Each structure stands twice: as C-alpha cells, then as structure tokens.
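Asks: Before I ask anything, let me first share the structure, which is written out below as structure tokens.
Protein chains: 2
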Amino acid sequence: METSKKMVSEEELKKYFPDLPSGPLDGYRKKSSFSWRRMKLACDNSTTLKLKHDIWTFMETHPLFQHSDVSIPLDEERHIAVKRMYAVHNENFTPFEKIIEEPRVIQAEAEAIFMFDSSLAVKKSLTFGMFANTIRGSGRPHQYHFAEAVEEGKIGGCFALTEVAHGSNAKGMRTTATYNPEKKQFIMHSADFEAAKFWVGCLGKCATHAIVYAMLVSKGTNHGLHSFIVPIRDPKTLKPFPGVIVGDIGEKIGLNGIDNGFVMFNNYAIPKELALDKFGGVDDSGDYQSPFRDPSKRFGASLGILSGGRVMITSISTNYLQKAIVIAVRYSAVRKQFAAENAVEETPVLEYQQQQIRLLPYLAGTFALRIFCTWFGSVHINMTIDNYAGKQDELSAARGIELHALSSAVKPVCGWLARDGIQNCREACGGHGYLKAAGIGDLRNENDANCTYEGENSLLLQQNSNWLLSVWPKRRELNVAQESPLGSLEFLLNVDDVLKKTCPWKTVEELTDPYNLTQMYKWLTAYMLKTTYEKVSKLKSDGADNLQAKNDSQSYNAVALSVIYGENYILNHFYKTAISFEDEACKKVLLKLVSLYGAFLLEKHMATLYIGGYFTLDQGLHLREGVLRLCAQVAPEAVALSDTLAPPDFCIKSVLGMSDGEAYKHLQNRVMTYPGAMTRPEWWRDVVYWDSYIPSKL
Amino acid sequence: METSKKMVSEEELKKYFPDLPSGPLDGYRKKSSFSWRRMKLACDNSTTLKLKHDIWTFMETHPLFQHSDVSIPLDEERHIAVKRMYAVHNENFTPFEKIIEEPRVIQAEAEAIFMFDSSLAVKKSLTFGMFANTIRGSGRPHQYHFAEAVEEGKIGGCFALTEVAHGSNAKGMRTTATYNPEKKQFIMHSADFEAAKFWVGCLGKCATHAIVYAMLVSKGTNHGLHSFIVPIRDPKTLKPFPGVIVGDIGEKIGLNGIDNGFVMFNNYAIPKELALDKFGGVDDSGDYQSPFRDPSKRFGASLGILSGGRVMITSISTNYLQKAIVIAVRYSAVRKQFAAENAVEETPVLEYQQQQIRLLPYLAGTFALRIFCTWFGSVHINMTIDNYAGKQDELSAARGIELHALSSAVKPVCGWLARDGIQNCREACGGHGYLKAAGIGDLRNENDANCTYEGENSLLLQQNSNWLLSVWPKRRELNVAQESPLGSLEFLLNVDDVLKKTCPWKTVEELTDPYNLTQMYKWLTAYMLKTTYEKVSKLKSDGADNLQAKNDSQSYNAVALSVIYGENYILNHFYKTAISFEDEACKKVLLKLVSLYGAFLLEKHMATLYIGGYFTLDQGLHLREGVLRLCAQVAPEAVALSDTLAPPDFCIKSVLGMSDGEAYKHLQNRVMTYPGAMTRPEWWRDVVYWDSYIPSKL
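Protein sequences appear in the order of chains A and B.
full-length UniProt numbering puts the first residue of the first sequence at 1, with every later residue one more than the last.
full-length UniProt numbering puts the first residue of the second sequence at 1, with every later residue one more than the last.
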C-alpha cells in the first residue's frame with residue numbers, strides 16, 4: 001500500500017488529470033511550488049485514482065447523468081436519482097475481489113459518486129450496502145438470499161430504526177414484534193403515529209423490504225430492540241402489503257433525491273425466519289436465547305452496524321467541504337476588487353487577509369480531513385472484512401471499542417468543520433455566492449444532515465466522553481498499545497507529567513511548528529479530560545447521580561473534550577502523513593497545512609490554554625500572528641491545492657468554481673439561458689392591472 | 001412615547017393576544033414568573049401592537065395569504081409575491097400622518113409582514129419604499145411625480161447599484177451615462193456583461209423604472225457615480241424598451257419570491273431631467289455643478305440612502321432569528337428523550353444543559369436585538385423625517401456619521417448572531433428540524449442574504465473600524481455628547497484609566513452581574529481599539545502604506561474590534577431598557593437575559609481578556625459557570641419568552657413550533673396529507689423493471 005504512491009508515474013497522473021484549461025487562474029497556478037497532480041497521492045493511490053476516473057468517465061458520457069441547469073420538482077428529483085442509482089449499481093465498479101485486494105476502493109467509489117450527486121450516493125448506499133451488510137452482520141445464512149436479491153436489484157432495501165418520538169434514545173422505541181408460537185410468526189405493530197418508523201431512507205417510494213428494529217415480545221416479556229427483515233411492498237407492483245401503512249415524509253432541507261419514508265404496522269404478521277437473530281432471539285416455542293449474557297452487549301452488537309455509518313459520514317462531510325472550498329478559492333482568485341494605490345489592476349480578493357482567514361484554514365482542514373477519512377475508511381473496511389471472515393486477533397475487541405469511540409468524536413468534528421467551512425465559503429463568495437448556480441447553498445443544505453443523522457452530534461460526543469472518562473482513572477496502568485490499537489489514547493502517555501508543564505514555546509515560529517502544535521494539543525486534550533473528570537466527580541460528591549452529573553458536565557467540558565480529542569487525533573494523523581510524504585515539494589506544503597490547521601483550531605480553544613495556565617500573555621498574540629502568516633504563505637499555493645482537491649468540472653456544478661476560472665462567462669451563460677429569464681412572465685397582466693383583482697384604495 | 005407602555009391595559013393586551021391553546025406546553029407556561037403579554041411592551045407600544053394586529057388579521061382572513069403546504073415552482077412563487085405585495089400596499093397601513101405621529105410604525109409594519117413572508121416584505125420595500133425614498137432624497141421636485149406614481153402602483157421601481165464585477169468597490173463601476181448637450185440626453189451604456197447591473201431586486205420580472213448608478217461623463221470627463229431614473233419597461237405592457245437588455249438572474253439560495261434581475265444598456269438615451277442631480281450634475285451645456293466641493297462627500301451623500309438598508313437589515317436578521325428560536329424552544333419543551341432513573345416520564349430536552357446552551361443565549365440575544373432594532377429604526381426614521389423637513393440641529397451631522405458607523409457594525413453583528421442562532425436551532429431540533437415543514441431551513445437560507453447584501457459584512461466592519469481608528473488619537477479631547485450623540489463612543493470616557501485596570505470581579509455572581517458585564521465590555525472595546533490602532537501604526541512605521549496597513553490589521557484586530565463595538569452598544573442598550581422597565585416581574589427576567597447575552601458573548605472573546613491581562617486564571621472558569629447557571633435559570637421562562645416573541649401560528653409555518661405545542665400531531669397531519677405521500681409514484685415501473693432501460697450486467 002504505502003509503496004503504491006511511488007509507483008504512480010507522471011504519465012499515469014497526466015492520463016487521469018490532463019492539463020487544466022488556460023485562463024484567469026494561470027497566474028496563481030504558476031506561483032505554486034508543487035505538483036497538484038502528485039499531491040493527489042496524499043489521499044489516493046493508483047487503484048483508487050483509476051477507479052474514480054472510470055466512474056467519472058462513465059457518468060460524464062451517460063445521458064442519465066447530464067445535469068439540469070434549473071431546479072426540478074421533488075418527484076422528478078427522486079425519479080432521476082433512482083434511475084441513476086440502478087445505472088451505477090449495474091456497473092459493479094467495486095466487486096468483492098477488488099475490495100479484498102484494495103479495501104480503499106469502497107470509499108473511493110463513494111467519493112466519486114458523492115462528488116457528482118450526494119442523493120445518488122446516499123440512496124445507493126442505503127438501498128444496497130446498508131441492507132445487505134446488516135443481513136450479513138446480524139442475520140444467519142438462511143437469510144443471505146435477501147442480500148443477494150438486493151444486490152441483483154430484485155428487491156429494494158432500507159433500514160428502519162428511528163421513530164417519530166424516539167431517535168437518540170433507541171431503548172425508548174415502541175414498535176413491537178410479538179411472537180406467536182402457534183403460527184411461528186412475529187406480529188409487527190405500531191401503537192400510534194409517534195411509534196411510526198420515520199426518516200427511513202428509500203422507504204418513501206421505492207423499498208420493498210426494510211430492516212426494522214422493534215421490541216421483541218414473547219410470552220409477555222419485552223426482550224428489547226431486535227431487528228427483522230420486513231416485507232413492505234410487493235416487489236412486482238410496489239404496492240404495500242395489507243397491514244403496512246407506508247408513505248413519504250415529504251420535502252427536506254436537502255438530499256431530496258432520497259425518498260425518506262415512514263411506516264406503521266397494523267398487527268402485521270411476518271414469518272419467524274425473518275428475525276435477524278444471530279445475536280439473540282426466540283426459539284420456536286418462544287423462549288429467548290442469545291449468545292450474549294449481557295443484554296446491553298447484544299444490543300451493542302446489533303447496533304454495531306451504525307459505526308460504519310459514522311465512519312462514512314466523516315467522509316461525506318469532507319466531500320461537501322471539499323467542493324465548497326474549491327469553488328470559493330477559485331472564485332477568490334479571479335474576483336478582483338479594489339486596487340492598491342497606483343496599481344494598474346484591481347487585487348484578487350484572495351490576497352486580502354480577511355478573505356484568507358475565512359478560507360485557507362478550511363482548505364488546510366479539508367486536507368486534514370480527507371487524509372484522515374481515507375485511512376479511517378480503510379480501517380473500518382478491514383475490520384468488517386475480518387469480521388465476516390471470522391478473523392479475530394487479540395486486539396479486535398479493543399479496536400472495535402476504540403473505533404466506536406473515535407467515530408463518535410470525529411463524525412461531529414468533521415460535520416461541524418464542514419458546516420463552518422461551507423458557510424465561510426458561501427460568505428466569501430459575496431453576492432454571487434448566494435446564487436443557486438454557485439452551488440454552495442446546496443452543499444450547505446446537504447451537509448446539514450450530517451450534523452444530525454446517525455446520531456445527533458452532541459449525543460455522539462457524549463458517548464465518546466463517557467468512554468474517555470472511564471479511561472482516566474486507569475491512565476497510569478493503561479497499556480496504550482493493547483487498549484488503544486488505533487492510538488487515540490496516546491495523549492495519555494506520561495499524562496501527569498505533561499499536565500505539569502507550561503508551554504515552552506514563545507515565538508511565532510515555535511508556536512506554529514507542526515510538531516510543537518501536536519504537543520500543545522496533547523496538553524489540551526489531557527487537560528480537558530482531567531478537568532471534565534474532576535467536574536463530574538465534584539457533582540457526584542455534591543450528591544448528583546451518575547446520569548445527572550454527566551449531563552451537567554457537558555457544555556464547556558465533556559463536549560469540548562470530545563471535540564478536542566477528535567481534532568487531536570486528526571491533527572496527529574495529518575502530521576504523520578505529511579512528514580512521511582515522499583515528494584519533497586508536496587511535503588513542504590503539506591507541513592504548512594498541518595501548521596495552519598493546528599494553529600487555527602488551537603486559537604479557538606485558546607481561552608482554555610490560559611485558564612489552565614499553559615499559555616501566558618503573549619503566546620496567544622503570537623499564535624494569532626502565526627495563523628495570519630501561515631495564511632499568507634498558503635495563499636500562493638491555494639489554487640493548486642484546490643486543483644488537487646477538485647473533481648472534474650461536470651461534478652463541480654458551480655458557475656463560480658470551474659477549472660478554467662471564467663466565473664463571469666459561466667455566470668453570463670447560465671443567466672442568459674435560464675428558462676424564461678428574458679421573457680415577460682405569463683402573469684404580467686397581474687402586475688400592470690393589479691387593480692383588476694384588488695379594488696384600489698390608492 | 002415612554003409612557004405608552006403603562007397605558008396599555010390588560011384588556012387591550014388580551015384582545016390582541018388571546019389565551020394560547022392548552023396542551024403540552026402548559027407545564028412550562030405555568031412555571032414562568034412573568035406575564036408574556038406584558039413583556040411585549042419591551043419592544044412594542046399600543047400603536048404598534050394594534051398595527052401588527054390589524055396587518056395579521058388582514059392577511060389571515062385574505063385568500064391570497066393562505067400558505068401552500070408544498071414548495072411551489074419559482075415562477076409561481078414570484079407571481080404570488082407580486083399579488084400579495086399589491087394587496088398589502090393597497091391597504092396603506094402606514095400613511096404619512098401615522099408615521100409622523102409614531103415613527104415606529106414603519107418598522108412595526110415591516111416586522112409584521114416579515115413574520116409572514118420575507119420575500120413579500122423585501123419586495124414591497126424595494127418596489128415602493130427604496131425607489132420613492134431615493135427620488136425624494138437625491139432628486140428634485142420635478143421628479144417627485146415618479147415617487148407618487150410608484151406609490152399609486154402606476155409604475156414599479158427598483159434600485160440598481162451593484163454590477164456583475166463590482167459591488168463593494170462602488171467606485172470601480174463601469175456603467176456610463178454620457179451627456180449629449182445637443183439632445184439634452186444621457187446615453188446609458190454597459191460596456192460588457194461584467195458591467196451589467198446585477199442582483200437588482202424586482203427588476204427580473206416587474207420593475208418599469210430603475211434608479212441606476214452610472215459614471216457621469218460629460219465633455220470627456222468622468223465625474224464619478226451618479227444616479228438616474230431610467231425607464232426600463234413600458235408600464236402598460238411590461239415589454240422592455242429598445243436599448244435595454246433586461247432579465248431575471250434566476251434561482252437563489254432563498255428569497256425566491258423576489259425577482260432579482262440584471263440590465264445592460266446599449267447606448268440607451270434618456271432625457272436629462274431624469275438625472276437625480278440634487279447633489280451634483282451637469283447643466284444644460286454639460287458643465288459640472290455640485291453643492292459639494294469635495295466629490296467624495298457628494299458620493300457619500302448620494303449613497304446615504306444605503307444606511308437605511310443596513311438599519312433595516314439589523315431588524316430583518318432579528319425577525320428570522322426570532323421565528324427560529326420560537327420554533328426550537330417550543331419543540332424542545334415538548335420533545336422528550338431519556339428518563340432519569342425511576343422517572344415515570346422522559347425528560348423534555350430543554351432540561352438538558354447542552355440543549356440549553358445551544359438555545360437560551362440566542363433567546364436572550366433575540367430580546368437584545370429586538371429591543372435594539374426597535375430603537376434604531378426609530379432613530380433612523382426620525383432622522384429621515386427631519387432631513388425631508390430640512391430640520392437640522394447642531395448634532396445632525398455627527399448623528400449622521402455615527403449612524404453610518406454604528407449601522408456598519410450592528411448589521412454584521414445581528415446578521416451573524418442570527419446565522420449562528422438559526423443554525424443552533426436547526427440542530428437542536430434534531431432530525432425533524434431537517435424537514436422542510438419545520439421551517440428552519442428556509443429561515444437559514446433567507447437570513448444568509450443578510451450577511452452579504454447592502455454591504456458584505458467584513459467590508460462594512462472595515463468601514464466601521466476606519467472610523468473608530470480615526471477617533472482614537474483624539475480620545476482625550478473628545479466631547480462625547482457632541483461627537484457621539486447616539487452614545488456609541490461612551491466607552492472612550494476615561495479610557496486611559498479604564499485600560500489600566502484589571503477585572504475586579506472574581507465570583508460567578510459578580511462576573512454575571514449585568515452592570516459588571518457592561519463594564520467588562522467597556523474595557524474590551526477600548527482594548528481592541530487601542531491594540532488595533534497600535535498594530536496599524538506599527539505596520540505603517542514598518543513601511544506599509546495606509547491601505548495596506550489597514551488591510552493587514554483586519555483579522556483578530558479590526559474585524560473583532562468592530563464586532564465588539566457593536567455588541568457593546570447593543571448590550572448597553574439592552575441593559576438600560578431592562579433596568580428601567582416598569583413591570584417588576586418582567587424586569588427581573590429581562591435582567592437575567594442581559595446577563596446571559598453579555599456573559600455568553602464575553603466568553604467567546606475570553607482569550608483576548610487573558611491576552612490583555614484583564615482576566616486571570618479562574619475568572620474564565622467562573623464566567624463559564626455563570627453562563628450555565630443563567631441558562632438553568634432562564635429555562636423555566638423560555639416558553640413564555642417565546643410566546644412573547646411569537647407571531648400568530650399562521651406566520652410560524654412550522655409543524656414543530658405552533659403555540660399548542662402539538663408537534664407530533666402537526667407533523668402527522670402534514671406528512672399524511674402531503675400530495676402523493678401515500679401513493680405509488682407514476683414512475684414505479686422504472687424501479688421494478690429497471691433492466692428495461694439499463695441492460696443488466698448483474
């Protein structure tokens with residue numbers, strides 16, 4: 001794997017990424033100090049580059065994948081997403097053999113599709129991937145034919161967990177599956193609308209089968225949440241089966257190609273064989289059996305599939321941010337406004353400090369996240385493959401726990417960085433950024449879902465901090481290699497000594513050195529864990545119970561702790577990748593980005609560095625000065641860095657962000673050809689003769 | 001004015017605001033310690049309450065103002081906005097006599113309409129108000145008939161300043177108006193698409209006349225930007241005149257009821273009398289004449305109208321935030337999730353610390369902004385009325401300058417607080433907040449424009465900081481009463497002494513005392529101005545020219561300075577209003593809100609308090625603790641405070657935020673009746689028989 005970067009020849013890179021069109025961006029491109037093509041190897045290798053290229057070529061030359069310039073009605077948006085989904089799925093870009101050979105292809109495929117259209121990517125992943133994976137993960141061999149049927153496109157899957165009145169609190173769900181031993185059936189039932197399964201992606205119009213989580217009741221006992229394969233609609237007619245009330249939940253803020261749905265069951269019977277009971281269920285007579293003694297472990301195992309969702313969302317957020325930053329940087333390089341005294345030309349807005357600080361830390365962040373997500377995706381796929389193959393080593397359990405904890409922290413970190421970065425990109429593009437044709441509004445509306453689904457961000461952070469808090473008391477006897485195979489607890493090494501130190505660095509250079517930044521983050525992460533632990537302990541000793549003590553230690557404490565823990569991990573991973581990058585010119589730029597990402601984030605937590613006594617007076621000033629200097633140093637590289645991140649133009653879908661830099665020409669073209677732009681509206685008489693329908697009092 | 005609060009009787013309040021429906025919100029409503037109706041007098045008086053009530057009653061009972069439950073196509077959205085605009089305008093809710101009697105009615109009318117639909121409010125304001133005001137402000141009596149014609153609905157106005165390639169840099173604009181003395185005409189011309197007027201509200205479909213800003217050229221000399229009344233379309237047919245290329249710029253992120261347009265002129269001749277030349281223009285022979293010697297003063301006067309836009313936007317932002325916070329607080333009070341041990345019921349999410357900190361500081365902020373905007377709007381209207389009447393006192397000039405500076409700071413402060421508050425509301429509503437029917441996505445998309453139009457936020461802040469920087473050197477001889485009639489420079493009183501102090505308060509109680517918070521803000525504002533001034537001076541003494549020195553002192557300095565200056569003013573105004581509020585119960589709650597608003601904002605600037613040596617170790621911890629305690633104290637009042645802020649239900653347009661608190665029932669109703677929700681899509685065959693249009697390879 002690591003060698004594959006070297007193996008990619010210049011010719012191969014040029015084949016996948018031909019020269020970009022000459023134009024207003026030439027100047028900045030010439031200023032850059034590194035090869036934008038070579039830099040792609042920070043996240044990709046020969047196999048994934050070829051795969052993305054194949055997928056994009058397929059889409060770019062297929063009639064179904066040609067974009068409309070205007071917004072299309074909801075129903076049409078869903079229709080086209082379905083057709084595209086089958087067209088892509090039918091190509092089978094990542095067959096099993098390919099995944100085994102190079103697990104990264106899974107995420108690379110998702111990235112390529114996301115860069116084109118996120119509804120399509122989510123829809124494909126839910127219909128095929130999540131449905132089949134859940135069956136293979138929680139079901140037994142006699143059920144695998146459902147996974148095959150969905151993969152062959154004979155049925156359509158979906159995943160139904162959330163209810164109207166319960167999401168985060170899964171244990172409070174109220175859909176029931178009551179076992180009837182006479183008929184060997186489960187009776188699925190929803191007590192009322194509040195117990196309806198809701199938000200189920202692909203259930204609104206298309207799914208024929210759902211994985212439904214319901215309370216398994218047998219012999220009068222509620223055994224907790226279990227999953228079932230539930231037939232929803234006839235696969236030949238798409239008509240719902242009697243006893244199933246299913247519908248579409250309507251328009252959302254974004255992602256409207258996906259038909260999210262709801263379903264209520266009215267004493268609807270399904271055969272016992274449809275229970276996904278690998279981790280627990282009833283025998284024919286209705287007695288409960290489970291390989292787990294501890295019901296919460298069974299519940300954890302059956303929800304394990306959601307870790308994958310979180311891992312994927314870290315990457316999804318990054319995709320949105322990546323597109324937004326490409327658009328905003330390119331546009332800022334060609335948009336000129338105000339001139340220096342005696343200058344012939346106006347200055348590109350990218351040269352202004354305030355524009356730089358709105359964009360460049362997020363450009364650095366995009367690299368940090370992209371590099372992290374690439375690695376994180378591989379870790380998850382490898383674990384899943386091992387799991388299917390029954391391969392377990394002595395670190396498997398610890399790795400699973402750490403992956404869960406880490407994904408609970410980085411999913412919010414990435415979603416929020418994308419949220420803030422996209423908003424900055426939107427504002428940095430000024431008025432034209434407010435046009436639908438600029439594309440940034442849609443990115444914001446779509447990324448927004450990442451802050452909520454697969455676990456509301458604040459609640460996920462709480463899961464993470466609960467784990468960290470449980471680790472703190474045993475920090476001194478912790479075997480990091482054993483208990484933190486992914487290394488996220490490395491900040492606890494010699495932690496008591498670390499916390500005694502104050503920041504030894506004083507100058508701008510020292511304070512923005514990439515290695516030093518990782519050390520400052522180490523202190524910060526440790527300090528946050530220690531003080532949060534102390535706050536929880538104090539509340540408990542003052543009489544609060546465990547739940548209350550934790551709830552009352554969230555804001556400024558546990559929430560910040562988990563965010564910082566996630567940032568710390570991403571920063572360290574970014575630093576390690578940069579320092580070991582083969583190409584010297586790229587490495588130099590990557591290390592600048594590490595510094596900028598680290599210093600920018602640290603600045604936001606600076607009050608805590610002072611409260612904890614780690615910083616004294618001038619260090620904060622110098623750190624801020626460092627962020628500004630780094631921005632100025634990264635600015636000449638920004639367009640080339642965006643070229644590294646950019647998908648092909650047909651994926652960018654923004655008049656402001658095309659690779660030729662001709663923002664005004666694309667804008668003109670789009671505006672002038674917008675349907676009806678130049679004609680009188682049909683309702684013009686209602687303007688001129690308004691007093692024909694409103695008796696005038698004027 | 002001040003006495004009118006007392007004069008509003010309980011009966012009158014009850015008439016306008018009948019009891020709210022009983023339901024799931026009853027519990028919280030009973031918990032509150034004050035009268036939600038009486039609290040309305042913090043922003044309204046008898047006249048404005050009656051006016052809003054009249055407007056809402058008119059709309060609620062008019063067929064044109066019934067909302068659609070589903071998104072409507074762009075063209076239809078514009079059509080309905082036009083019809084509603086004429087219907088509202090025709091009612092003439094705020095005739096001139098009423099404005100003279102109570103200037104606040106202008107903003108109250110706008111608020112009432114905004115609460116219903118922002119496109120309608122903006123469209124009305126642009127078509128009638130801005131067009132007529134500009135003519136009355138920059139034109140001469142022979143042109144006033146255009147203002148009358150627009151007010152009678154005989155023509156439709158718009159305001160064309162921004163061009164494709166130039167917005168912020170107005171002096172760089174390239175539309176020309178070349179004077180031809182033979183024909184006594186101006187020849188309007190746009191050199192290319194980049195010089196097209198763009199983003200012009202109401203020009204896309206409707207306007208017949210535009211105020212156009214163009215470079216006035218006469219006898220070969222460019223006299224700079226001047227405004228002209230330019231006929232665009234025939235008022236009888238809405239067909240553009242020859243020489244005018246006019247169209248619609250298409251879909252935007254939000255505000256799609258407004259038909260923003262573009263226009264290019266192709267050597268298009270208009271009569272000389274259409275030049276708005278009160279502040280300068282050519283005589284018949286083409287010689288330039290102006291009452292101003294200094295061209296930049298003339299330019300400033302002719303753009304003075306834009307101050308009004310900024311004043312209005314502070315209020316517009318607040319309207320969006322206000323609706324979002326009402327929705328999120330009400331929903332958080334009825335959404336229950338997780339139960340304490342042994343509890344019978346789950347806990348409303350509003351009780352959780354992390355939910356409180358996401359919402360309640362913004363609830364406090366909404367009151368701060370609403371109170372500020374109400375006053376600010378009156379100041380502006382009074383100035384405008386005095387201006388029309390030719391009434392000038394010795395403070396008029398200083399007041400005008402300060403209004404410009406203050407509006408340049410508070411417009412970004414309010415727009416950004418609304419941006420962050422709305423986003424927090426969105427996330428705090430979890431999954432259901434992502435539904436279009438929740439209404440928060442639209443509020444975000446609409447508020448987004450406030451960060452950009454009428455001056456990009458960062459550039460406005462720069463205008464403000466330039467003014468503050470010019471004041472600093474003369475701080476010791478400054479006569480605040482004379483030079484800062486609005487009081488925004490009061491923080492400079494004894495500033496050198498103030499800056500020598502460290503924060504004398506140590507405890508949570510002291511650090512969250514509302515008066516103490518105003519004093520801490522005073523120090524912070526002064527410190528930011530001093531250090532920004534020093535940074536600019538340092539850069540200059542290092543060789544930078546004035547422009548460069550200022551550009552390089554924006555991030556962390558001038559931008560933060562102006563934000564803090566704006567926040568300082570709003571906080572002080574909020575404090576003064578609260579402390580003098582007649583009703584004791586309301587006053588007590590208002591003072592809590594002052595504390596929460598102040599402490600929450602100050603926490604975000606805390607690093608600077610440490611860098612400046614004002615705070616030492618534990619003060620930051622205690623301030624944070626104070627924010628959390630204030631949140632806990634405000635939580636039981638939150639629903640009643642939202643009731644104070646809420647418009648009638650038909651304006652809320654959110655299934656989550658209705659006054660009866662029945663979020664799930666409204667959700668069920670909306671989902672179940674959504675067109676097509678329960679039926680097969682027409683394209684169902686493309687799901688089942690996908691291999692009919694894609695040759696299967698599976």
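Positions of the beta carbon are idealized from the N, C-alpha and C atoms, including for glycine.
In this text, all values refer to a predicted model and were calculated from it rather than measured experimentally.
Judging by CA-CA distance, which residue of B:T512, B:K530, B:D513 is the nearest neighbour of B:L499?
Replies: Here the closest residue by C-alpha is B:K530.
Asks: I need the DSSP call for A:T134, collapsed to helix, strand or coil.
Replies: Three-state result, A:T134: helix.
Asks: When burial is assigned at 16 or more other CB atoms within 10 Å of the CB, is A:F265 buried or exposed?
Replies: Counting Cβ neighbours within 10 Å, A:F265 comes out buried, since at least 16 surround it.
Asks: Could you check the C-alpha separation between A:Y16 and A:T48 for me, to the nearest Å?
Replies: The straight-line gap from Cα to Cα measures roughly 11 Å.
Asks: Name the residue from B:Y213, B:V311, B:R298 whose alpha carbon lies nearest to the alpha carbon of B:F228.
Replies: Ranking the options by Cα distance to B:F228, first place goes to B:Y213.
Asks: Say whether chain A places a C-beta atom closer than 9 Å to the C-beta of B:A526.
Replies: No, B:A526 does not count as interfacial toward chain A.
Asks: How do the segment 583 to 591 of chain A and the segment 29 to 41 of chain A stand: do at least 3 beta-carbon pairs fall below 8 Å, yes or no?
Replies: With the cut-off at 8 Å, the segment 583 to 591 of chain A and the segment 29 to 41 of chain A touch.
Asks: Are the beta-carbon atoms of A:L596 and A:V627 separated by less than 9 Å?
Replies: Yes; because the gap between Cβ atoms is below 9 Å, this pair is in contact.
Asks: Could you check what DSSP says for B:Q423 in three-state terms: helix, strand or coil?
Replies: Note: B:Q423 maps to helix in three-state DSSP.
Asks: Identify whether residue 710 of chain B lies in helix, strand or coil by the three-state DSSP scheme.
Replies: Shown here, chain B extends from 1 to 698; a query on residue 710 of chain B therefore has no answer.
Asks: Thinking C-alpha only, which one of A:A210, A:V217, A:I245, A:V559 is nearest B:Q668?
Replies: Ranking the options by Cα distance to B:Q668, first place goes to A:I245.
Asks: In the structure shown, what three-state DSSP assignment does B:Q185 receive?
Replies: In this structure, B:Q185 counts as strand in the three-state DSSP scheme.
Asks: Kindly list, in the order they appear in chain A, the residues whose Cβ is closer than 8 Å to that of B:S696.
Replies: Those within 8 Å of B:S696 in chain A are N90, G153.
Asks: From A:M312 to B:H53, what distance separates their C-alpha atoms?
Replies: In a straight line, the C-alpha of A:M312 is about 50 Å away from that of B:H53.
Asks: Decide if A:T3 is buried, meaning its Cβ has at least 16 other Cβ atoms within 10 Å, or exposed.
Replies: Below a pLDDT of 50, predicted positions are generally treated as unreliable, and A:T3, at 43, falls in that range; the measurement from the model is reported next regardless. Flag for A:T3 reads exposed.
Asks: Using a Cβ-Cβ distance cut-off of 9 Å, determine whether B:W690 contacts chain A.
Replies: Cβ-Cβ to chain A under 9 Å: yes for B:W690.
Asks: Measure the C-alpha to C-alpha separation of B:H666 and A:L238 and round it to an integer number of angstroms.
Replies: The alpha-carbon atoms of B:H666 and A:L238 are separated by roughly 28 Å.
Asks: From this set, A:T347, A:K272, A:L630, A:T208, which residue's C-alpha is nearest A:E510's C-alpha?
Replies: That would be A:L630, whose Cα lies nearest to the Cα of A:E510.
Asks: Measuring CB atoms only, is the segment 163 to 170 of chain B touching the segment 139 to 155 of chain B, in the sense that at least three cross pairs come out at less than 8 Å?
Replies: No, the segment 163 to 170 of chain B does not touch the segment 139 to 155 of chain B.
Asks: Taking only runs of the alpha helix (DSSP H) that begin and end inside the segment 122 to 178 of chain B, which ones reach a length of at least 4 residues, in chain order?
Replies: Segments of the alpha helix (DSSP H) lying fully in the segment 122 to 178 of chain B: 131 to 138, 144 to 151.
Asks: Where does B:N266 sit, in a helix, a strand or coil, going by DSSP?
Replies: Note: B:N266 maps to coil in three-state DSSP.
Asks: Quick one: list the residues of chain A neighbouring B:N169, beta-carbon separation under 8 Å, in chain order.
Replies: Those are Q337, F338, E346, listed as they occur along chain A.
Asks: Which residue from A:T532, A:S396, A:P504, A:S190 puts its Cα closest to that of A:Q519?
Replies: The option with the nearest alpha carbon to A:Q519 is A:P504.
Asks: Nearest-angstrom Cα distance between A:N546 and A:G308?
Replies: Approximately 29 Å, taken between the alpha carbons.
Asks: Give me the DSSP bridge partner(s) of A:G247.
Replies: A:F262, per the DSSP bridge assignment.
Asks: In chain C, which residues lie less than 7 Å from A:D552 when you measure between Cβ atoms?
Replies: This model lacks chain C altogether; the protein chains it does include are A and B.
Asks: Ends of the alpha helix (DSSP H) at A:P361?
Replies: A:P361 -> alpha helix (DSSP H) spans 353 to 388.
Asks: Helix, strand or coil for B:G433 per DSSP?
Replies: DSSP places B:G433 in helix when its eight states are reduced to three.
Asks: Which residue comes first and which comes last in the alpha helix (DSSP H) that contains A:L511?
Replies: Looking at the DSSP string, the run of the alpha helix (DSSP H) that includes A:L511 is 508 to 511.
Asks: Taking the straight line between their C-alpha atoms, what separation do you get for A:M658 and A:I652?
Replies: Computed Cα separation, rounded: 7 Å.
Asks: Alpha carbon to alpha carbon, how far is A:L369 from A:T318?
Replies: Rounded to the nearest angstrom, the two C-alpha atoms are 6 Å apart.
Asks: With a Cβ-Cβ cutoff of 9 Å, do B:D442 and B:G254 count as a contact?
Replies: The answer is yes: Cβ separation under 9 Å.
Asks: Would you mind sorting A:D618 into buried or exposed? The rule is 16 or more other CB atoms within 10 Å of its CB.
Replies: With fewer than 16 Cβ atoms within 10 Å of its Cβ, A:D618 is classed as exposed.
Asks: Locate the beta strand (DSSP E) running through A:Y689, then write down its first and last residues.
Replies: Careful: A:Y689 lies outside any beta strand (DSSP E) and carries neither H nor E.
Asks: Can you tell which of B:G280, B:A646, B:D643, B:G598 has its C-alpha closest to the C-alpha of B:L623?
Replies: Looking at the Cα atoms, B:G598 is the closest of the given residues.
Asks: Terminal residues of the continuous alpha helix (DSSP H) containing A:N450?
Replies: Element bounds for A:N450: n/a, residue is neither H nor E.
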